[in-house]
Amino acid sequence: MSILVVGLSHRSAPVAVLERAAVAGDDLVKLLHAVHASPNVAETAIVSTCNRVEIYAVVGKFHGGVSAISELLALHSGVPMDDLSRHLYVHYEERAVQHVFAVACGLESMVVGEGQILGQIRQAFRLAQDEGTLGRDLHDVLQQSLRVGKRAHHETGIDKAGASLVSVGLDVAARHLGPLRDVRALVVGAGSMSSLAAATLSRAGAREITIANRTPARAARLAESLDVPSRAVGLAELDAALAGADLVVSCTGAAGLVITAEQLAARGAGADGRRRFLLDLALPHDVDRDVRNLPGVELAGLDDLRTAQEAAQAVGPEAVEAVRRIVCTEVEAFLSAARAAAVAPTVVALRSKAAGVVEAELNRLSGRVPEMDARARREIEQTVRRVVDKLLHAPTVKVKELAAAPGGDSYADALRELFDLDPKAPEAVARADMGEADVREGAAWDPDPECAEADCVSPASAPGQDLVSEAMSETMSGTVSETMSGTVSEAMSGTVSEAMSEPPADGVNVETVNAQAASVRAVSARHAVPAHEGDEA
């Protein structure tokens with residue numbers, strides 16, 4: 015299974031296409047389940063914001079996954095496939111992980127460094143988990159992306175310019191209206207973007223803020239949280255609120271227009287000599303584009319805000335480059351840890367098989383020499399276990415180290431082949447670690463997700479089998495002769511060699527597998543990057 019990203023953003027598509035492709039509410043949930051039900055998809059999550067729609071998935075086949083996801087996105091968004099496909103981009107495996115991390119850090123945002131994307135990824139994470147479409151692989155990628163995003167904001171100055179869509183839009187408004195402390199503002203909507211706009215206007219000391227929302231109680235809660243004179247109204251009172259507003263910020267997520275040129279004209283806009291500014295942060299658009307034809311009225315939508323390059327200059331190229339280095343480092347660490355963790359079930363299965371061999375041979379020895387006293391039996395048992403432990407210690411440690419490198423999965427394959435492991439044994443270990451339901455649904459682990467250049471990570475070719483042979487011979491040579499010295503070794507030399515050459519009658523010991531499965535978690539824990547404290551926008 016591999017990570018796949020299929021999406022479109024402000025970089026690949028014009029706002030008109032993004033507006034048509036945006037999915038939210040029930041449509042988003044339906045698309046989530048439709049993608050998850052595809053035969054090629056095991057896990058999925060969807061990030062849908064005002065300037066991007068991205069589907070993250072774990073797929074078994076690349077081409078099948080891309081085709082299914084693209085067709086479903088076209089179907090559920092209503093954008094014809096011919097129009098959609100020319101704007102889609104695809105990232106796979108290492109590049110997909112790198113893209114997700116870069117998105118979380120704000121490197122792919124319309125305004126570089128904006129912090130709202132962390133909350134949007136967290137929302138996508140929780141929705142996928144609530145809907146049962148999240149599994150272990152995608153869970154780990156998204157959770158780590160949030161940690162990386164927090165680290166980037168904590169360690170660099172990428173967000174010090176207040177670079178968010180709201181702050182950039184209000185900067186444009188201030189250039190048109192003058193200082194925001196003198197304006198009477200109307201905020202339409204009470205979601206995250208609208209709440210951020212209201213809070214920003216409050217901090218700027220706006221003369222008055224009116225919150226208009228479909229649910230008046232929610233508008234009232236937002237109005238009560240502000241530090242300047244504020245009031246709440248329902249959308250039925252929107253026309254009257256428009257009449258007294260100098261600045262209007264709208265972000266409702268409604269299917270159609272919320273504010274039209276006719277509404278504004280009916281309230282005196284364009285005829286009373288006052289200057290007005292409308293900031294439309296919604297997709298689809300809330301505000302009729304024709305309001306620009308009214309004298310004294312200015313409108314800024316998402317397509318009018320600063321480009322990513324302009325934002326990067328405002329933030330500072332040093333900060334952007336620092337974040338890119340963080341992304342590259344974190345991607346390499348994540349992939350190395352994932353590769354090391356992937357070999358752990360094979361190591362546990364090998365040790366389980368060895369434990370089964372030891373038990374079988376000790377039982378056989380007891381049957382052959384029933385007169386052996388308890389002390390001798392204990393000494394022999396301890397010696398045999400030490401022999402096996404020493405034989406397996408170096409190769410199992412070495413295979414974990416080698417597996418962390420690109421192409422390292424070949425070492426796990428070699429280990430399974432050399433020791434004739436049952437191919438199903440590593441899968442049993444993984445199930446013991448995760449729980450059977452987690453393989454598909456991802457419901458049994460911690461649900462809290464808080465606990466970018468393309469060539470930063472380049473795949474390497476898989477090492478040859480001769481390296482495996484060298485590693486095995488170097489790590490195992492000399493161990494037997496060192497351990498098997500003394501009287502006990504003479505008594506047991508034949509038994510040990512027989513035990514190591516014959517598979518146990520019962521195969522892998524399931525109880526031992528379950529008991530040792532914690533080592534899989536330990537591998538991931540040792541490589542985990544701690545979350546950094548930070549506030550989301």
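In the working numbering, the protein residues as written are 15 to 551. Every residue gets a Cβ at the ideal spot worked out from N, C-alpha and C, and that includes glycine. What you are looking at is a predicted structure, and each value in this text was computed from that prediction instead of being measured.
Asked, Found
"Count the CB pairs spanning the segment 341-353 and the segment 161-171 that are closer than 8 Å, and state whether there are at least three.", "yes"
"Residues in its own chain within less than 7 Å of Ala336 by CB, not counting five upstream and five downstream?", "Thr170"
"In the DSSP assignment, what residue or residues form a beta bridge with Phe139?", "According to DSSP, Phe139 bridges with nothing at all."
"Applying the criterion that 16 or more other CB atoms from any shown protein chain within 10 Å of the CB defines a buried residue, is Val522 buried or exposed?", "Bear in mind that a pLDDT of 39 at Val522, under 50, signals an unreliable position, so the number given afterwards is only what the model happens to contain. Classification for Val522: buried."
"Do Val247 and Ala231 have their CB atoms nearer than 9 Å?", "no"
"Please report the residue range of the alpha helix (DSSP H) in which Ile340 lies.", "Pro331 to Arg382"
"Would you call the segment 22-40 in contact with the segment 89-107, where contact means no fewer than 3 C-beta pairs closer than 8 Å?", "yes"
"Here's the rule I'm using: 16 or more other beta-carbon atoms within 10 Å means buried, otherwise exposed. How should Asn65 be labelled?", "buried"
"Quick check on this structure: which residue in Ser239, Ala268 and Val201 has the alpha carbon closest to the alpha carbon of Phe608?", "Examination of residue 608 is not possible in this model, given that the chain is present from 15 through 551 alone."
"For His101, report the span of its beta strand (DSSP E) as first-last.", "Neither: His101 is in no beta strand (DSSP E) and is coded neither H nor E."
"Quick one: what's got a C-beta closer than 6 Å to Arg228's C-beta in the same chain, skipping five residues either side?", "Leu249"
"So which of Ser16, Val29, Val357 and Arg399 has the shortest CA-CA distance to Gly370?", "Arg399"
"Rounded to whole angstroms, what is the Cα-Cα separation between Glu57 and Leu278?", "47 Å"
"Looking only at its chain, what residues have a beta carbon closer than 7 Å to the beta carbon of Leu191, apart from the 5 residues adjacent to it on each side?", "Val197, Asp260, Leu261, Arg289 and Phe291"
"Determine the direct distance from the alpha carbon of Ala211 to that of Leu313, and round the result to whole angstroms.", "16 Å"
"Which parts of the segment 195-221 are runs of the beta strand (DSSP E), unbroken and 3 residues or longer, counting only runs that do not cross its ends?", "198-202"
"Assign Ser23 to one of three DSSP states: helix, strand, or coil.", "strand"
"Please name the residue or residues paired with Ser244 in a DSSP beta bridge.", "Ile223"
"Between Thr360, Leu316, Arg378 and Glu85, which lies nearest to Leu432 when the distance is taken from Cα to Cα?", "Thr360"
"May I ask you to list the residues that DSSP assigns as paired with Asp4?", "No statement about residue 4 is possible, as the shown extent of the chain runs from 15 to 551 and does not include it."
"Along the beta strand (DSSP E) that carries Arg66, what are the first and last residues, could you check?", "Arg66 to Val73"
"Grab me the residues of Leu252's own chain with a C-beta within less than 6 Å of its C-beta, minus the 5 sequence neighbours each way, in chain order.", "Ala226"
"Would you call the segment 69-77 and the segment 39-59 in contact, with 3 or more CB pairs under 8 Å?", "yes"
"Thinking C-alpha only, which one of Gln396, Glu108, Ala71 and His113 is nearest Ala351?", "Glu108"
"May I ask which residues mark the beginning and end of the alpha helix (DSSP H) holding Glu385?", "That residue, Glu385, is in no alpha helix (DSSP H); it is neither H nor E in DSSP."
"Whole angstroms is fine: what's the gap from Val126's alpha carbon to Pro94's?", "30 Å"
"With a CB to CB cut of under 7 Å and the five nearest residues on each side skipped, what residues in its chain are close to Arg245?", "Thr224 and Ala237"
"So is Gly270 buried or exposed if we call it buried at 16+ other beta carbons inside 10 Å?", "exposed"
"Using CA coordinates, which residue listed in Ile273, Leu319 and Gly287 is at the minimum distance from His299?", "Ile273"
"Can the beta-carbon of Leu18 be found closer than 9 Å to that of Ala110?", "yes"
"Considering Cα atoms alone, identify which of Ala48, Ala358 and Ala138 is closest to Val67.", "Ala138"
"Determine the extent of the beta strand (DSSP E) in which Glu145 is found, giving its start and end residues.", "Counting along the chain, Glu145 falls outside any beta strand (DSSP E), and DSSP gives it neither H nor E."
"Just to check, is the beta-carbon of Leu148 closer than 8 Å to a non-hydrogen atom of the ligand GDP?", "Absence of the ligand GDP from the depicted structure is noted, as is the absence of any ligand whatsoever, leaving it without description."
"By how many angstroms is the C-alpha of Glu122 removed from the C-alpha of Phe115?", "10 Å"
"Could you check the C-alpha separation between Ala220 and Ala71 for me, to the nearest Å?", "44 Å"
"Do you know how far the Cα of Leu364 is from the Cα of Pro331?", "50 Å"
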